[in-house]
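Residue 211 in our numbering sits at position 211 of the sequence shown, with consecutive numbering throughout.
C-beta atoms are modelled at their ideal positions from N, C-alpha and C, and glycine is treated no differently.
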Amino acid sequence: MLIKGEKIRQLREERDCSLAEFAAKAGISISYLSEIERGAKKPSLKTIEKIAVALNIPKSQLVEVSGDSKGVSLGEKLRLLREQKKWTLSEFAQKADVSVSYLSEIERGNVYPAVDTLKRISKALNVSLQDLIGRGGILGSKLKMVREEQGLTQGDLAKQAGVSAGLVGQIEQGKVQPSLQTVEKIAEAVGVSPCYFLIDDAGVEDLLRAMSPELREILNDSKAQSVLRLICSCTPDELKFIFDFIKLYKKHGSQHFKH
Numbered sequence: 001m002l003i004k005g006e007k008i009r010q011l012r013e014e015r016d017c018s019l020a021e022f023a024a025k026a027g028i029s030i031s032y033l034s035e036i037e038r039g040a041k042k043p044s045l046k047t048i049e050k051i052a053v054a055l056n057i058p059k060s061q062l063v064e065v066s067g068d069s070k071g072v073s074l075g076e077k078l079r080l081l082r083e084q085k086k087w088t089l090s091e092f093a094q095k096a097d098v099s100v101s102y103l104s105e106i107e108r109g110n111v112y113p114a115v116d117t118l119k120r121i122s123k124a125l126n127v128s129l130q131d132l133i134g135r136g137g138i139l140g141s142k143l144k145m146v147r148e149e150q151g152l153t154q155g156d157l158a159k160q161a162g163v164s165a166g167l168v169g170q171i172e173q174g175k176v177q178p179s180l181q182t183v184e185k186i187a188e189a190v191g192v193s194p195c196y197f198l199i200d201d202a203g204v205e206d207l208l209r210a211m212s213p214e215l216r217e218i219l220n221d222s223k224a225q226s227v228l229r230l231i232c233s234c235t236p237d238e239l240k241f242i243f244d245f246i247k248l249y250k251k252h253g254s255q256h257f258k259h
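Below you can see the structure in the form of structure tokens.
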């Protein structure tokens, strides 16, 4: 999240406020305000809210939201992006094809939307899903959705998966990228394939479109699907062994393995 310190200074001076006068009005220290205006400090959204109120403008005018907006929740980010576009909640809901009440709950942080809903929202805002939820966000959003669908708390899931509750929370917020081993533990705990967490649905659709008709036909075969399900749970070392075995088998034929 980029704080527009130069714009804060410009708006303050337009209102003929000294640094000391505006700092008092916003309820922050003079030195801290000076550092914000110079770009030396990155204030919290709460502080930005104080400055915006003192300037009598929406706080969305003072920040530039990006996928790297650490410490900014999805709901806060959506509201900021909506305000930047000067949309009402109803206008945004209509463009994203979701109900006004549900969108309001998302913005307030009371619910976390499913991936399909996130895709519609990102399309309405004309930003990528990656920019909207940040790095690791797809995995985190899927994990939170599955956990809540099963009525599990972060603590419940952590206990079942043999990991810490703090780690589960960080994964859901997109703050950490878990190891494959951790993903496998969590996937087993909630009863889904690890591939569900690791593959973006949009990427799968693009991949399928790029496949030849022959390959798509093979993937429709139940035996091929069984093999893929097994592969999804393989470790990197196991996958390497499988690939090496296939190469060896194709090179020497079945006769080589009869002895």
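Counted within 10 angstroms of its Cβ, other Cβ atoms place residue i as buried (16 or more) or exposed
{"i": "I8", "result": "buried"}
{"i": "Y249", "result": "exposed"}
{"i": "T47", "result": "buried"}
{"i": "R79", "result": "buried"}
{"i": "S141", "result": "buried"}
{"i": "G166", "result": "exposed"}
{"i": "S122", "result": "buried"}
{"i": "K77", "result": "buried"}
{"i": "I231", "result": "exposed"}
{"i": "K144", "result": "buried"}
{"i": "G109", "result": "exposed"}
C-alpha gap between residue i and residue j, whole angstroms
{"i": "V146", "j": "A114", "result": "9 angstroms"}
{"i": "Q225", "j": "I106", "result": "36 angstroms"}
{"i": "Q61", "j": "F243", "result": "53 angstroms"}
{"i": "V127", "j": "F245", "result": "43 angstroms"}
{"i": "A124", "j": "K59", "result": "21 angstroms"}
{"i": "Y102", "j": "L129", "result": "19 angstroms"}
{"i": "P236", "j": "K223", "result": "22 angstroms"}
{"i": "E6", "j": "R229", "result": "54 angstroms"}
{"i": "R120", "j": "K95", "result": "8 angstroms"}
{"i": "S29", "j": "A40", "result": "14 angstroms"}
{"i": "L74", "j": "L239", "result": "36 angstroms"}
{"i": "S193", "j": "A161", "result": "14 angstroms"}
Neighbourhood of residue i by C-beta distance below 7 angstroms, restricted to the same chain and skipping five residues each side
{"i": "Q150", "result": "V190"}
{"i": "T117", "result": "V98"}
{"i": "T182", "result": "V163"}
{"i": "E13", "result": "none"}
Assigned secondary structure, residue i (DSSP; H/G/I helix, E/B strand, else coil)
{"i": "V127", "result": "coil"}
{"i": "A23", "result": "helix"}
{"i": "G39", "result": "coil"}
{"i": "R120", "result": "helix"}
{"i": "I28", "result": "coil"}
{"i": "S90", "result": "helix"}
{"i": "G67", "result": "Note that G67 scores a pLDDT of 46, beneath 50, so its modelled location is shaky; the value from the coordinates is reported in the next line. DSSP places G67 in coil when its eight states are reduced to three."}
Nonlocal neighbours in the same chain, by C-beta distance under 8 angstroms from residue i, ignoring five residues either side
{"i": "C17", "result": "K25"}
{"i": "S164", "result": "A158"}
{"i": "V53", "result": "A26"}
{"i": "Q170", "result": "V176"}
{"i": "C234", "result": "I242"}
Own chain residues within Cβ distance below 6 angstroms of residue i, not counting five before or after
{"i": "V111", "result": "E105"}
{"i": "E37", "result": "G5, I8, R9"}
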